[in-house]
Ligand code: SER
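So, in structure tokens, the structure goes:
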């Protein structure tokens, strides 16, 4: 049967870029992008879906004969703390809807992103193993830890082929993050290129696992392409890109913008970051489906700055206008 992909959360930081990668892989006619709102100038098929509405997902799955679902919609770590119960409801309801529609409609494969936010103080902070103890301290992290287990449940109970990665903080020039604790590592490049001072909400020595967009897209597609029998982890795979602190990213940026100024004003997000791993052991992903990141901090910095300089050449500082 022909592969037809539904992306839920296609307007997001990752969804917008992953949708394009999937369109390239499968063809424009075989990727259905969806989100709460339709955006102008979108290339390809777009459907408005509120993923809390199971019957709407089912209608689209049936109408387009969807065979794979990428469920990227979620409220992230920092934003989620504003309304903990609502975040839990949305993150879990949307996941259950995707799992149920997938089970009932014999969907071939489902992708569900998890996060380094599933870890807490009970996990070893350096080279955090895949099977570390999970004691997340944010509602987002709790929803992802629960979600991973539900993914495995649907695999074991119903044979649904759900696959998952624990994403580090994602850094890309194509889109903007929203509501995460790792967002600073994208914003900082925009400020550098605009030659503005950066106000950092994390302490300068807070090291976190991060990954470049190219790597994260490659990891996601490699996982989804892997033969079913090679997938030995049905909760979620650790994947690492690189790890750095605000001080280290500033050091790299100053090689290109020596006058770049930064102020440190840690806020509640510092407490979230302090409980997360500093680096990740992704050897299971390497062993099972050949994962290896390509971008270190230096390469991320050179690429981000070059691409953002190209975008900002239009003279506009309206970031929305710079997307795509
Ligand atoms: N980037 C996410 C966040 O900061 C982590 O998954 O919430």
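In my numbering, the protein residues as written are 1032 to 1355. Don't be surprised by glycine CBs; every beta carbon is placed ideally from N, CA and C.
To which residues of the same chain is residue i closer than 6 Å at the C-beta, ignoring the five residues directly before and after it?
i: residue 1035; result: 1061, 1095, 1096, 1097, 1098
i: residue 1343; result: 1224
i: residue 1265; result: 1183, 1186
i: residue 1253; result: 1320
Consult DSSP for residue i and reduce its assignment to one of helix, strand or coil.
i: residue 1078; result: strand
i: residue 1091; result: helix
i: residue 1293; result: strand
i: residue 1029; result: The first residue shown for the chain is 1032 and the last is 1355, placing residue 1029 beyond what the model contains.
i: residue 1325; result: coil
i: residue 1288; result: coil
i: residue 1298; result: coil
i: residue 1046; result: helix
i: residue 1242; result: strand
i: residue 1336; result: helix
i: residue 1164; result: coil
i: residue 1330; result: helix
i: residue 1247; result: helix
i: residue 1057; result: helix
i: residue 1110; result: helix
i: residue 1174; result: helix
i: residue 1183; result: helix
i: residue 1273; result: strand
i: residue 1133; result: helix
i: residue 1208; result: coil
i: residue 1196; result: strand
i: residue 1145; result: strand
i: residue 1140; result: strand
i: residue 1121; result: helix
i: residue 1313; result: coil
i: residue 1230; result: strand
Between the Cα of residue i and the Cα atoms of the options, which residue gives the shortest distance?
i: residue 1244; options: 1238, 1264, 1270, 1237; result: 1270
i: residue 1088; options: 1130, 1230, 1122; result: 1130
i: residue 1193; options: 1220, 1222, 1141; result: 1141
i: residue 1323; options: 1329, 1332, 1333, 1312; result: 1312
i: residue 1148; options: 1197, 1133, 1091; result: 1197
i: residue 1178; options: 1146, 1152, 1157, 1189; result: 1146
i: residue 1273; options: 1093, 1310, 1180; result: 1310
i: residue 1107; options: 1043, 1339, 1038, 1335; result: 1043
i: residue 988; options: 1066, 1040, 1074; result: Only positions 1032 to 1355 of the chain appear in the structure, and residue 988 is not among them; the question remains open.
i: residue 1080; options: 1051, 1040, 1166, 1118; result: 1040
i: residue 1222; options: 1285, 1092, 1117, 1326; result: 1285
i: residue 1050; options: 1336, 1247, 1303; result: 1247
Roughly how far, in whole angstroms, is the beta-carbon of residue i from the beta-carbon of residue j, given that I think they are within contact range, below 8 Å?
i: residue 1154; j: residue 1164; result: 6 Å
i: residue 1207; j: residue 1300; result: Rounded, the Cβ-Cβ distance is 16 Å, inconsistent with contact.
i: residue 1330; j: residue 1168; result: No, residue 1330 and residue 1168 are not in contact; Cβ-Cβ is about 32 Å, not under 8 Å.
i: residue 1069; j: residue 1038; result: Contact doesn't hold; Cβ gap of about 13 Å is too wide.
i: residue 1231; j: residue 1293; result: 6 Å
i: residue 1078; j: residue 1100; result: Going by Cβ atoms, the distance from residue 1078 to residue 1100 rounds to 13 Å, so no, they are not a contact pair.
i: residue 1150; j: residue 1297; result: 20 Å between Cβ atoms; not a contact.
Which residues in the same chain have their Cβ closer than 7 Å to the Cβ of residue i, if we skip the five residues on either side of it in sequence?
i: residue 1216; result: 1200, 1202, 1241, 1280
i: residue 1236; result: 1276, 1278
i: residue 1333; result: none
i: residue 1144; result: 1103, 1195, 1196, 1198
i: residue 1317; result: 1323
i: residue 1304; result: 1212, 1233, 1237, 1239
Please go through the same chain and pick out, in chain order, the residues whose beta-carbon is closer than 8 Å to the beta-carbon of residue i, but skip the five residues on each side of it.
i: residue 1128; result: 1082, 1083, 1084, 1085, 1088
i: residue 1210; result: 1106, 1107, 1108, 1109, 1110, 1111
i: residue 1189; result: 1134
i: residue 1326; result: 1242, 1243, 1245, 1246, 1272, 1273, 1334
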